[in-house]
Every structure is written in structure tokens, then in C-alpha cells.
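Have a look at the structure below before the remarks.
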Amino acid sequence: MNYGNVIEKLDEEGLIKFTSDIVQIPSVYDENIEGANESEVTKYVSKFLKKEGFEVHIDKVEEGRSNIIAFLRGDKKGKTILFEGHQDVVSIGDEEDWTHNPFGAEIVEENGKKIMYGRGVNDTKENMAAAIFAAKAIKDSNVDFRGNILLCIPVDEEGMMIGIKDCIKKGWLDDVDAAVVCEPEDKQLCIYQKGALRIEIRVKGKMAHGSMPLTGKNPNWGMAKIINEIEKLEFLEKKRVGEHEYLGWPSFTPTVVKSPEKGVAQLNVIPNNSFITLDIRTIPGQEHDTIINQIRAIIKKLEEKKSVDYKSFETEMEVIDNRPWTKTDKEEPVVKAIGKAYTDIEHKEPVYNGVPGATDGTFIKAWENIPVIVTGAGARDVPHQIDEWVEVDHIVDVSKIYALTALYFLNEEIDS
725 MNYGNVIEKL
735 DEEGLIKFTS
745 DIVQIPSVYD
755 ENIEGANESE
765 VTKYVSKFLK
775 KEGFEVHIDK
785 VEEGRSNIIA
795 FLRGDKKGKT
805 ILFEGHQDVV
815 SIGDEEDWTH
825 NPFGAEIVEE
835 NGKKIMYGRG
845 VNDTKENMAA
855 AIFAAKAIKD
865 SNVDFRGNIL
875 LCIPVDEEGM
885 MIGIKDCIKK
895 GWLDDVDAAV
905 VCEPEDKQLC
915 IYQKGALRIE
925 IRVKGKMAHG
935 SMPLTGKNPN
945 WGMAKIINEI
955 EKLEFLEKKR
965 VGEHEYLGWP
975 SFTPTVVKSP
985 EKGVAQLNVI
995 PNNSFITLDI
1005 RTIPGQEHDT
1015 IINQIRAIIK
1025 KLEEKKSVDY
1035 KSFETEMEVI
1045 DNRPWTKTDK
1055 EEPVVKAIGK
1065 AYTDIEHKEP
1075 VYNGVPGATD
1085 GTFIKAWENI
1095 PVIVTGAGAR
1105 DVPHQIDEWV
1115 EVDHIVDVSK
1125 IYALTALYFL
1135 NEEIDS
């Protein structure tokens, strides 16, 4: 079937304005700042969807934070395809470092291209907007399609992903047959996602004066040994599994190091504890349970080691997030559908890749093994940077790709 009418019905001007409008709404979640959450984005987007005639559900996750669930239903029963893009953005850091207003959604012309600037304009409000306007174009064209288009717009993707976890728990994805996760990937089709394993480690100590270390117990010696052994483990894992075609190398990264964990550190005070977080990113060939056991074994061995010059120590270890790597086969109907849509819009063969980080899609894939593909507008190395940006034309291109993907998948036209 020719879906030229759908592409013609895409409201390109409205799409860019919608993107600009939601970028101008700060949706940084910070529990230390009153009102700093996604609630205003929730109001704006849900109001728009209701006005356009979508079936809309505003589903509370926690106080002030709600997922948006919206359906566009076809005229016959069939499959359900999910488009998912989050509401929240990361913090802007020091606003003085920005050349452009971080919540201005300013559009400037650079080297013959229109560029929009602002926090979330790349990750991932433009792609959320592109999915919404793709569904709107399908609705406005009155084209026949089977099944359902489900828009899931959750909170907290940049945090512990409580939004998508809540969405799954409440059954919103029970009937989903395939998912497109709308994230900035240079329009590349990502069929792999790195796993994410987050661990907290605490070493116990005893406060004392820095000039009299024997009166206390310095936790930093133990933590230093743990960090050194984690670095060795990373080296061995890289040597064992190698570099993945789409995901690159695995990594074991100490990100937060505090000593003490709470309170003020002082030059002449031995702290009462030491604290680190590990951000471990995994690739095929690695099992999370094995890695957890390896780290526990490292700690146990260090704790039990006895020698004249060795300071013994006690630790606590907690796994706070565990998302395995994912893979979706190229032969999956949703991958073939989006590949065909990409070729029809871009007039070239798609580039396949993997997501260097983890997305809500890791949980979606884990739920009943739903096939997931991650793609969207925006350079993949720009998220979370100062002066975050996106090419305006790419937002339109991706919205067209999303629209055709939905139709090819639901009407089972992937081989035509």
C-alpha cells in the first residue's frame, strides 16, 4: 500500500513547535528542588493528545510524577506496536557554561542547517514529539491499519527508571508485540543494548586524628585495594570477551567516590567510612550474576587476607540496578519494518548499531522478551552535554520513519 497521504499529513511545523514547547518546560527531576519534576510536561503532552482524540491515561507513579499512556486503535484487531520516549531530562550543570539558553529551544542556522538548542532537545524530547506526530499523521490521514499504536511516555528514565518499571508492573505492556524506543541514535537502527549493573560498596572505618592513625581505622586503604582489583577484573573481562561489533568494550567504572559517605571530609581526619558506586556496562558473553559473584569474591579475599603490613577491613556491598544486555534479531518483523521505512525515507540502506548505554528498552525487552529496536534523531554523542542540540530536519525525518514503521508492522507489509 502507498502511504504517501500519511507523509503528506505530517504536520512538520506543528512538530517543531511542539518540540520547542516541551523543551522550554524544565523537566529535570531533583528531589532537592521543589517542583523540579516532569509534571508540567505531563500536563502539556496529555492535553495535546486528548485534544487530538487519542485514548489517554495519566498514570501516577509517585507524587508529582505520572506516566502518559495513549492509544491510537485501528479499525480491525491486530498487533500492538509501542513507541516509548521519556519525559525527563538531566540537569543543566552551571548555566553560565551554556552559550544558548538551556530551556530556550533556540533555533539557529549553522552551515546551512537549522539547529535547535536546549536541554532535552536531543535526549529525547524531539523523538518523543516525533512519535506523537507520527501517530497523529496516521490518524489525520484516515488510513486503514490493524491493531494498535501505543505511546508510552514515562518519567524517570534518567534516574532509576521507575516510570517504565511501573508501566510494566501495571500491565500496560502486556499486549505489546514490538517496541521502538525513541532515543538519539543518529537515525541508526540499534538492535543491541549494553547491560547496566550498578553496585554500591562501603568500607567501614573508625574516625581518628590524621596524626594518630593507630587510634582509628582508615577505610581508604581497603577501598583503594578494592578499586585496584576492580580495574584488574575489567582488564581480564575485556581480554576474555573482546570488542563487540556494535557495542564496543565492556567497562567497570568507579563513578562516585566519597570518604566519608556523609558529612564533611577534612584533611586531618580519618573518616569513619568510604563509599563508591560502580557503573558496570556489559556486552554479550557476560553474565551479571557471574560478575556480582566475582566482585563479592574479590572483597572476601581482601577482607580475609592477613599479613604484617596489611590492614584488615569490613565491607558492605549492594546491587542497586541490574539490567542485562539485549539483542533483537534483524529478522524480527519490527526490525524489518523499520529498515524498510528508513530506506523509503532516507533512500539508502540503514546502518545497524548498538546502544552504548542502557535505555528503558532493557526492561521492555526483558518483559516477555518483547522485540525492541532503539532509534531516533540526534547525534548519539551529544546527550547530557552543554549546549545540547539537534538538527531540525532530522526530527521530521524520524517522525516519517516512525509513521511508516507502525504501518508496515501492523499491516504486515515488511516484505513488500
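According to this note's numbering, the sequence shown is numbered sequentially starting from 725.
Positions of the beta carbon are idealized from the N, C-alpha and C atoms, including for glycine.
* Asked: Would a C-beta distance cut-off of 8 angstroms place Q917 and A1061 closer than the cut-off?
  -> Using a Cβ distance threshold of 8 angstroms, Q917 and A1061 do not count as a contacting pair.
* Asked: Applying the criterion that 16 or more other CB atoms from any shown protein chain within 10 Å of the CB defines a buried residue, is A989 buried or exposed?
  -> A989 is exposed by the Cβ-count criterion.
* **Backbone CA spacing between M885 and M947 [nearest angstrom]** => In this structure, the alpha-carbon of M885 lies about 29 angstroms from that of M947.
* To do: Would you decide whether V981 is buried or exposed? Buried here means 16 or more other CB atoms lie within 10 Å of its CB.
  => It counts as exposed.
* **Assigned exposure category for L991 - 16 Cβ within 10 Å defines buried** => Exposed is the call here.
* Asked: Within 10 angstroms of its Cβ, does V1032 collect 16 or more other Cβ (buried), or is it exposed?
  -> The predicted position of V1032 is uncertain, since its pLDDT is 46 and thus under 50; a value taken from the coordinates is nonetheless stated next. For V1032, the number of other beta carbons within 10 angstroms of its own is below 16, and it is reported as exposed.
* Pick helix, strand or coil for S1031, following the three-state DSSP scheme. => At S1031 the pLDDT is 49, less than 50, meaning the model places this residue with poor confidence; the figure from the coordinates comes in the next sentence. If DSSP states are grouped into helix, strand and coil, S1031 belongs with coil.
* Hey, could you find the ends of the alpha helix (DSSP H) M947 is sitting in? => Run containing M947: 943-965, per the alpha helix (DSSP H) assignment.
* Can you name, in chain order, every residue of its own chain whose Cβ lies under 6 angstroms from the Cβ of E958, other than the five neighbours on each side? -> Excluding residues within five positions, the ones whose Cβ falls inside 6 angstroms are F976.
* **Coil, strand or helix - F742 by DSSP** => Helix at F742.
* Would you report the Cα separation of V1122 and I1000, rounded to the nearest angstrom? -> As the crow flies, the alpha-carbon of V1122 is around 40 angstroms from that of I1000.
* Mind checking whether I1015 and E850 have CB atoms under 8 angstroms apart? -> Taking 8 angstroms as the Cβ cut-off, I1015 and E850 do not qualify as a contacting pair.
* Asked: If you draw a straight line from the alpha carbon of L874 to that of K956, how long is it in whole angstroms?
  -> C-alpha separation (whole angstroms): 45 angstroms.
* Asked: Rounded C-beta distance between I1094 and V900? I'm assuming under 8 angstroms.
  -> Between V900 and I1094 the Cβ distance is about 6 angstroms, and since that is below 8 angstroms, they are a contact.
* Give the straight-line distance between the Cα atoms of E755 and K962, rounded to the nearest whole angstrom. => Their Cα atoms are separated by approximately 37 angstroms.
* To do: Indicate the three-state DSSP secondary structure (helix, strand or coil) for P937 in the structure shown.
  => Of the three classes helix, strand and coil, the one that applies to P937 here is helix, per DSSP.
* beta strand (DSSP E) runs wholly inside the region 1097-1127, at least 3 long, in chain order -> Qualifying beta strand (DSSP E) stretches, in chain order: 1113-1115.
* Quick one: any contact between the region 788-801 and the region 908-927, if contact means 3 or more CB pairs under 8 angstroms? -> Verdict: no, contact absent.
* Could you check how far apart the C-beta atoms of F807 and V747 are, in whole angstroms? I think they sit under 8 angstroms. => At roughly 19 angstroms, the Cβ-Cβ gap does not stay under 8 angstroms, so F807 and V747 are not in contact.
* Asked: Helix or strand or just coil, what does DSSP make of G1078?
  -> Collapsing the DSSP output to three states places G1078 in a strand.
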